[in-house]
Each structure stands twice: as C-alpha cells, then as structure tokens.
Amino acid sequence: MKIQTSWLDGPLLPNISLNEAIGCEQIALVSQNDERLKKIFRHRPNLEIFLNSFTDQFGVSIKPSLIIFRCDNLSSALSFEAIAAFRNILVSCAVPIARAMHIRESGSGIKFAETFEFYPWMLSKDGNSLVGESTVFIGHHSVERIKGQNNPIQPNITRGAHAFDIELLRFLLEAWQSYFLHHVDSHKNIALFRSLNMAHQASLMPSTGLSSEMYDYGRLISLWVSAIEILLHPGGDKTGSRWTIYKVLKEAEWLDQTLAEEAHESGNSADAKNTKGKLNVAGSLYGEMYEARNKFLHGNRIDLNDLKCKRSEVFRFDVAPILYSLLLRYYLGVIYPDDLIDDIETDVSGYLNKYVFYQKQLLLEHAVRGAFCL
-9 MKIQTSWLDG PLLPNISLNE AIGCEQIALV SQNDERLKKI FRHRPNLEIF LNSFTDQFGV
51 SIKPSLIIFR CDNLSSALSF EAIAAFRNIL VSCAVPIARA MHIRESGSGI KFAETFEFYP
111 WMLSKDGNSL VGESTVFIGH HSVERIKGQN NPIQPNITRG AHAFDIELLR FLLEAWQSYF
171 LHHVDSHKNI ALFRSLNMAH QASLMPSTGL SSEMYDYGRL ISLWVSAIEI LLHPGGDKTG
231 SRWTIYKVLK EAEWLDQTLA EEAHESGNSA DAKNTKGKLN VAGSLYGEMY EARNKFLHGN
291 RIDLNDLKCK RSEVFRFDVA PILYSLLLRY YLGVIYPDDL IDDIETDVSG YLNKYVFYQK
351 QLLLEHAVRG AFCL
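Be aware that the sequence shown starts at -9, since it is given in this note's numbering, and climbs by one per residue.
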C-alpha cells in the first residue's frame, strides 16, 4: 500500500505571528501564508475561518501562528507531550537570546514563554465545530460564534528566524525526533525533555497581575536552577551537586577565552572553604544563583540584592536562561565542524559560515561578560 503523507493542524498560538516557518520535516510552527497550511484549509475550510476571527482586545486583526505536523495515512497523530516538547524547544531557543539582548541593550525579543501559549480552542477532527480544553474546562461550540483574542498580558508580536538560536534549534529538533519519533528512551533524552519542560515554566512571567513581588522572581530563579540540575544530573543512583555544574562549566568550549579562565571565587558563600580550585566566570555566576535559590526556597531572609549579580546590577532572573542555553549547547555538542573549512587562506565562505554558526553563542557570552562586569 502506498503511504500518503499529509500535514495536520495542531494547537494555535495567538501571541506570535511568524514571518517564516520554524521547525523540521515532521513538525513546524507556521504562519497563515505557509503552503502546507493552505493545503489543510482546502480540506478544513472552517480552520481558515477560525484563524481569521482573531483580534486583540481593541478589535485590531491579528494573524495567529499554528503548529502543524506530518502524519502517514492519517493513521496516527503526535501525542500532546511531543507537541508540548516542540513548544518547549522554541521557548528555549528564543527566551535566552532575548534576555541576552536585554542585558547588552541591543534590542528586544521574546522574553517570556507566554508568547508560545497554546489557545485552548481547536477545530474538531471532523472540522465542523470547535472543541476546548484546559485544566479547568472542557467545551464544545460552533466555529461561527468564536471571537478569538490573544492573551492580554502578552501582546501579539511578529518575529522571524532571527529571534531564535537556529543552530541550537537544529540540534534540539534532532533530539526531539530521536525521542518522540524513533523512541530512543535514553537517559540523555529523558533528562533533556524533562529539563526543557522545567525551563518552559521558568520562562513564564513572574506574575500575571499588575505587579510582581520579589518572591515571584526568586521562584523563577529556583526553577532555572532545577532545569540545569535535571539536565546535568548523572542519572541512576549517582548523585549530582553544584560541583557537577561547576565542572561542566569548566569543560564547556568558550569562544571568549576570558570566560574560560579559572580565576574566580564561587559566588556562593557556602563555598568559602572551597578546596577544589577556582571557577570561571559562568561558574561564579551559577554559584550566586544557586545560593539565591536556596535562600528563596528555604525561607531565609532575603532582600533585593539576592536578585542581582554581585558584580553588576544585572538581575539573576535574566542571567539564568543564558547560562541554561550555554549548557544546552554543551550537552548537545553544538560545535562547528572545522573540517568544513578547506583552506585557511581561500575558504572565505567557510569562515563566514562558522561565524554565523556561533553568532548566537557570541551574543550569549557577551551577556555573561556584562553580568560579571568584564
């Protein structure tokens, strides 16, 4: 029997409008101009009506993005876990870049995970109605009655591929395919996607109210530490600690060699009697973050200084996702293969490609320098 491959529509994301598709051969976040989505419209015309119903709170039309995924013979669909994991990948490839840009005062980006929030209503399988589901409700309604809106705490924004760490995205999507399509149930895959889930929670806004308390920021710092610990825990009966993280940060490949120098004390006062040697810049910053996490979670006395890096006015809340992103690069082995450059004197394009490959890592490292006042 000939296998027919088709694209199916998944969750709608009303807070982001894409200029171009982001994803891989099996799953993607797309705009309404995507040719694959237009083909879906031909078989599910109510989907186009549904998408075109969206406005912001003031009646201005917005163009939501949509997750689509491939399916053979329409016989099976991706699990919600796989789709949510894809969303978590997008968050972890966008939020750290935006935070780094914020620290370097070089622009804005996608600073919070609410940008990738799923809309609770979707078109039914038969395409004739809408079905809704969230933690607090299950519903069913007609397509014609919907007046879709984005989340008012996160205005709809338009972005392209430049808002994402594309090289990291490629490696993460390879891991996504390994785990969810090929069912490689390794510790490395399990730890990665549990960590990405925690990173998604850490990337949410401190509060959805009019203001945030200091404790809200402390909670998110704690979640970032947890995401890092999950990622780098050795697994099984082995134990992990902050010293495990310090070791990995020492082993990571730094483009800026000043960040690799092991000449700094841990930012954690509990390490005052450290006999295991000096740390690099990232290790010192992580030590500070680890100490702040303990203060917030253990109910110790805190003040505003517990939210800021000791050597700068940069908030640890912004540094945490940057360290996480750099550790993801180490974990996945995101390194440019130098054998792609043939000749040091003649292969100009090879060196240009290498620069593009490391462009986002350079941005992240520059933000680390800024947080440490280098």
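We treat Cβ as the ideally placed atom computed from N, Cα and C, and that holds for glycine. Bear in mind that the values here come from a model prediction, so they are computed numbers and not experimental data.
- Proximity of the region 267 to 280 to the region 194 to 203 falls short of the contact definition, fewer than three beta-carbon pairs being nearer than 8 Å.
- Here S193 has V81, V85, F102, A103 and P311 as same chain residues with Cβ atoms under 7 Å from its own Cβ, once five neighbours each way along the sequence are excluded.
- Comparing C-alpha distances from A260 to each of E278, R301, K268 and F127 shows the shortest one belongs to E278.
- For D62, there is no enclosing alpha helix (DSSP H); the enclosing beta strand (DSSP E) covers residues S55 to D62.
- Within a 10 Å sphere around the beta-carbon of Y345 sit fewer than 16 other beta-carbons, which makes this residue exposed.
- Comparing alpha-carbon positions, the option among I6, L37, D246 and I180 lying closest to H223 turns out to be I180.
- Contact between the region 5 to 22 and the region 135 to 146 is established, with three or more Cβ pairs separated by less than 8 Å.
- Under DSSP, S51 shares a beta bridge with T45.
- Inclusion of Y320 and E219 in the CB contact set at 9 Å is not warranted, their separation being larger than that value.
- DSSP places G117 in the coil class of the three-state scheme, outside both helix and strand.
- Taking all protein chains shown into account, Y280 has 16 or more neighbouring C-beta atoms within 10 Å of its C-beta and is therefore buried.
- Judged by beta-carbon spacing, Y348 lies within the 9 Å limit of L245, meaning their Cβ atoms are closer than that value.
- Per DSSP, the continuous beta strand (DSSP E) segment holding H130 begins and ends at I128 to H131.
- Boundaries of the alpha helix (DSSP H) around T248: Q247 to A250.
- Inter-residue distance for A217 and E134 is about 42 Å (C-alpha atoms, whole angstroms).
- The continuous alpha helix (DSSP H) containing V81 extends over residues F70 to I93.
- Annotation: L317 to L37 spans about 40 Å, alpha carbon to alpha carbon.
- Bridge pairing for T148: S7 [DSSP].
- When only Cα atoms are considered, R34 and G117 end up about 6 Å apart.
- In this model, E15 and S21 are separated by some 16 Å (Cα to Cα).
- Beta-bridge annotation (DSSP): G13 is paired with A18.
- Annotated three-state conformation of W(-3) is strand, per DSSP.
- Comparing alpha-carbon positions, the option among I57, F59, I58 and N42 lying closest to S51 turns out to be N42.
- Take the alpha-carbon of V238 and the one of G0: they are about 37 Å apart.
- Secondary-structure assignment with DSSP links K298 through a beta bridge to F305.
- DSSP places H356 within a helical segment (H, G or I) once states are collapsed to three.
- Only residues of its own chain outside the window of five on either side were considered, and among them L37 and E38 have a CB closer than 8 Å to the CB of F31, listed in chain order.
- For H172, the three-state secondary structure derived from DSSP is coil.
- Within the same chain, F154, D155, L158 and L159 come within 6 Å of C83 by CB-CB distance, once the 5 residues on both sides are set aside.
- Taken through DSSP and simplified to helix, strand or coil, W233 comes out as helix.
- For A250, the CB contacts under 7 Å within the same chain, skipping 5 residues up- and downstream, are W244 and N270 in chain order.
- Around the beta carbon of N295, a 10 Å sphere encloses fewer than 16 other beta carbons of the protein chains shown; the residue is thus reported as exposed.
- Burial state of E25 is exposed, judged by a 10 Å Cβ sphere holding fewer than 16 other Cβ atoms.
- DSSP places R184 in the uninterrupted alpha helix (DSSP H) bounded by H177 to A192.
- The Cβ atoms of Y169 and L297 lie no closer than 9 Å to each other.
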